[in-house]
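Below is one structure, written out as C-alpha cells; comments come after it.
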Amino acid sequence: IGVIPARYASTRFPGKPFAKIKGKPMLQWVFEAAKNTPSFSEVFVATDDQRIKELAESFNAKVIMTPPEAPSGSDRVWEAVKDLKADIIINVQGDEPLITGEILESLVQAMIKNKDWKMATLGKKLQPQDLENYNTAKVVVNHRSEAMYFSRLPIPFGRVKDFSSSACYKHIGIYGFQKDFLKEFCETPPIEIELLEALEQLRALYLGAKIGVVETTLECMGVDIPSDVEKVEAAMERL
Numbered sequence: 093i094g095v096i097p098a099r100y101a102s103t104r105f106p107g108k109p110f111a112k113i114k115g116k117p118m119l120q121w122v123f124e125a126a127k128n129t130p131s132f133s134e135v136f137v138a139t140d141d142q143r144i145k146e147l148a149e150s151f152n153a154k155v156i157m158t159p160p161e162a163p164s165g166s167d168r169v170w171e172a173v174k175d176l177k178a179d180i181i182i183n184v185q186g187d188e189p190l191i192t193g194e195i196l197e198s199l200v201q202a203m204i205k206n207k208d209w210k211m212a213t214l215g216k217k218l219q220p221q222d223l224e225n226y227n228t229a230k231v232v233v234n235h236r237s238e239a240m241y242f243s244r245l246p247i248p249f250g251r252v253k254d255f256s257s258s259a260c261y262k263h264i265g266i267y268g269f270q271k272d273f274l275k276e277f278c279e280t281p282p283i284e285i286e287l288l289e290a291l292e293q294l295r296a297l298y299l300g301a302k303i304g305v306v307e308t309t310l311e312c313m314g315v316d317i318p319s320d321v322e323k324v325e326a327a328m329e330r331l
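Per my numbering, the sequence shown starts with residue 93, numbered consecutively.
Given below as C-alpha cells:
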C-alpha cells in the first residue's frame, strides 16, 4: 500500500500540497506517481485537513482522515493503515513531486527480496554541494546496503578533503516499512539523537532495525519553501 501523508499547516510553506507546479497541484504529481507503481494494491492520501481531502478527491484520490495530533508523517501513515491488510507500507512524501512509479517500485521490490529489512529508504550519490547543506540528510551504508547512521552533518568525517567514498549517500525521504515494525516505530517515543538531528529514521536504528538503502540515479527534489517550486519546474524541464 502507498500512503501519502499531507498536511496544510506547514511552518515554512502553509498550504504546500496546493502549490501549483506546471499548473498542477503538487499533491497530484505525487499521487499520479504512486498510482503508476505496479506493486501498490491501493494508494491513499492521509490528512487531517478538510481542504486537502477535497483537493485529493478532485483528482479521484482515496482519502483517509487521521487525527490532527499525529506528530509525524509516519504516525499519520500508521493511523491510516493500522486497520488495513498489507505487509509492506510505503510512506510517499507529499512534497516530492519528482518521485516516479519506477523509484517507488524499486523500493517495494528491494523489501520483498530482503525480508530482514524492517525499513527501506532511498539514497543518491552525494554531490559536493550537498556535503555542507544541513537541509540535506546524509546516510552511510554497510556492505549490504544497510544504513549505519544518518546525519545532517558531513559523514564520515574527512569527506571534505576526499570526496571519493562510495559509502555515503544523499538521503531521499521516502520510507518503506514492514507493517509490524511501523507499529513498533510509532509506539516508541522519539529518542534524543532523533530530536537533535531532526531525523526520525534514527529511532529505527535505535530499535535495532535494519534499514535498507536503495540507490537511485533519478532526480528527486523536495519542496520545503516556496522558492523550491521554481527549482522543481526547472528540473522537470531537464528530464
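Ideal Cβ placement from N, Cα and C applies to all residues, glycine included.
Model, not experiment: these values are computed from the prediction.
Ignoring anything shorter than 3 residues, give me the beta strand (DSSP E) runs that lie fully in the stretch 93-144, in order along the chain. 94-97, 135-139
Comparing alpha-carbon positions, which option in K174, P106, A162, D167 lies nearest R143? P106
Buried or exposed (CB count within 10 angstroms, at least 16 for buried), A98: buried
Can you confirm whether the stretch 156-172 touches the stretch 128-142 when touching is taken to mean that 3 or more C-beta pairs between the two stretches lie within less than 8 Å? yes
What does DSSP give as the partner residue(s) for I285 in the beta ladder? None, per the DSSP bridge assignment.
Flag this pair as yes or no: are the beta carbons of V232 and C260 separated by less than 7 Å? yes
Comparing alpha-carbon positions, which option in E149, A101, I266 lies nearest I191? I266
Indicate, with yes or no, if the ligand ATP has a heavy atom lying under 6 Å from the CB of P160. Absence of the ligand ATP is noted for the structure shown, with no ligands found whatsoever.
Buried or exposed: which applies to P189, given that a residue is buried once 16 or more other Cβ atoms fall within 10 Å of its Cβ? buried
By the three-class DSSP mapping on this structure, what secondary structure does A212 have? strand
Go to F277, then tell me how far its alpha helix (DSSP H) extends in each direction, as first and last residue. 271-279
Looking at I181 and K114, is the spacing between their C-beta atoms short of 7 Å? no
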